[in-house]
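For reference, the structure is listed below as structure tokens.
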Amino acid sequence: MAQLWKGAPVAAALTEQLAARAAELAGRGVTPTLAIVRVGERPEDLSYERGALKRCEKVGIAVRQFLLPETAGQEELLTVISQINRDPSIHGCLLFRPLPKHMDERAVCQALSPAKDVDGITSGSLAAVFSGSGAGYPPCTAQACLEILDYYGYELKGKRAVVVGRSLVIGKPVSMLLLGRHATLTICHTRTADLAAECRRAEVLVAAAGKIGAVSAACLAPGQVVLDVGISVDEEGNLVGDVDFAAAEATVKAITPVPGGVGAVTTSVLARHVIEAAEKASR
Ligand code: NAP
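For the sequence shown, numbering that gives the first Met the number 0 assigns the number 0 to the initial residue and increments by one for each residue that follows.
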């Protein structure tokens, strides 16, 4: 039976460390502050926002919400971003995506000041992740995968890691973070010739396809550690990941559940990035 690597204890440990850092900042008269920018009211954004608000409250981060209707124009959104960039009391910004189709998402992301880009959406942050320079912040979900491995004491050096998915939000950045820890990396996608064979070779398998069942029983092997990043809604309305969970439980060494796995750590990583940004800005 696989170990269940839940996100809650990882998030709790991070929150405790962060609350101490937030208190230290408060002692110096600095209130770490996150701006949340949401266009429209997509249920998944609202749900993530509730989680982020709760996490920030626990840590001691103030939140300012900038809420625009779905019909808002790009100029209106750019004005909000520019206001956030210029406001020294705001240290980080979370912008919900995808943006409505009538907006140029790349242009909006690029408008955010790199110093406040706590979720890795600007080219500058991604370049830092790819160059391994340590400057800038990786996307929170990608970093959450590493936090889980660290918390459960998994040493990545020399391990064969396979990532399913190559998006700029998860697949590519998590691949670079794994490479940065000296894993030997394979990245799979929809054109991969034999996904099951590639995945079976993995010692660490990160599933970020966003497709129910993309990582089937044939992809799994004994001894593997499996991080299931996917979030989908099945026919019964349940949240499920990419991995055949029953098969994984019976086969692998450890698996993160959905819900309650990687997703449960993401807001803590966001909070850490805001604290780091506040520390940098107040030096
Ligand atoms: P995305 O932009 O749709 O990218 C999915 C990637 O997976 C693509 O590279 C695609 O390949 C690949 N892929 C899809 N189906 C596949 C299959 N059957 N076999 C192999 N590769 C396949 O999605 P994303 O934004 O990266 O998000 C991925 C998942 O993570 C989604 O379920 C999303 O909801 C979830 N997510 C979770 C969190 C969290 O906190 N846990 C946060 C954000 C997102 P191609 O490039 O060839 O198309």
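Cβ atoms here follow ideal geometry from the backbone N, Cα and C, with glycine treated the same way.
In the structure shown, SER231 falls within a strand segment according to DSSP collapsed to helix, strand and coil. Annotation for GLN64: the continuous beta strand (DSSP E) segment containing it runs 61-67.
Within the stretch 49-134, complete alpha helix (DSSP H) segments of at least 4 residues are found at 73-85, 104-110, 122-130, given in chain order. Residues ASP241, ASP243 of the same chain have their beta carbon placed closer than 8 angstroms to that of GLY212, with the five preceding and five following residues left out of the count.
In this chain, the beta strand (DSSP E) harbouring THR185 covers 183-187. In this chain, the alpha helix (DSSP H) harbouring ARG199 covers 194-199. Distances taken from the Cβ of ALA25 to the heavy atoms of the ligand NAP include none shorter than 7 angstroms.
Here DSSP, grouped into helix, strand and coil, assigns THR32 to strand. Under the three-state reduction of DSSP, ILE254 is assigned to strand.
Note: LEU226 is bridge-paired with VAL205 in the DSSP secondary-structure output.
Apart from sequence neighbours up to five positions away, the residues of its chain that approach ALA280 with a beta-carbon distance below 6 angstroms are HIS90, ordered along the chain. A Cβ-Cβ separation of about 5 angstroms places ILE186 in contact with VAL162 under the 8 angstroms criterion. The alpha carbon of LEU111 has as its nearest neighbour, out of GLY133, SER132, ARG85, the alpha carbon of ARG85. Counting along the chain, ALA141 sits inside no beta strand (DSSP E); it lies in the alpha helix (DSSP H) bounded by residues 139-150. Nearest C-alpha to TYR153 among VAL203, GLU48, PRO256: VAL203. When the alpha-carbon of GLN109 is set against those of PRO99, ILE120, ASP149, the nearest one is in ILE120. Residue environment for VAL232: exposed (fewer than 16 other C-beta atoms within 10 angstroms of its C-beta). Between the stretch 195-202 and the stretch 210-224 there are three or more inter-stretch CB-CB distances shorter than 8 angstroms, so the stretches are counted as touching. Between GLU74 and the set GLY164, ARG63, ALA206, VAL38, the nearest pair of CA atoms involves VAL38. Between the beta-carbon of LEU178 and that of GLN142 there is about 14 angstroms, and that puts the pair past the 8 angstroms contact cut. Residue THR265 holds the alpha-carbon nearest to the alpha-carbon of PRO8 among ASP103, THR265, LEU184, MET0.
Leaving aside the five residues that flank LEU67 on each side, the residues in its chain whose CB is nearer than 8 angstroms to its CB run, in chain order, VAL36, ARG37, VAL38, GLY39, GLU75, LEU76, VAL79. Between the alpha carbons of THR32 and GLU48 lies a distance of about 15 angstroms.
C-alpha of SER267 to C-alpha of ARG54: approximately 7 angstroms in a straight line. As the crow flies, the alpha-carbon of TRP4 is around 16 angstroms from that of ILE230.
Of all alpha-carbon atoms in ALA263, THR30, VAL225, the one lying nearest the alpha-carbon of ALA245 is that of VAL225.
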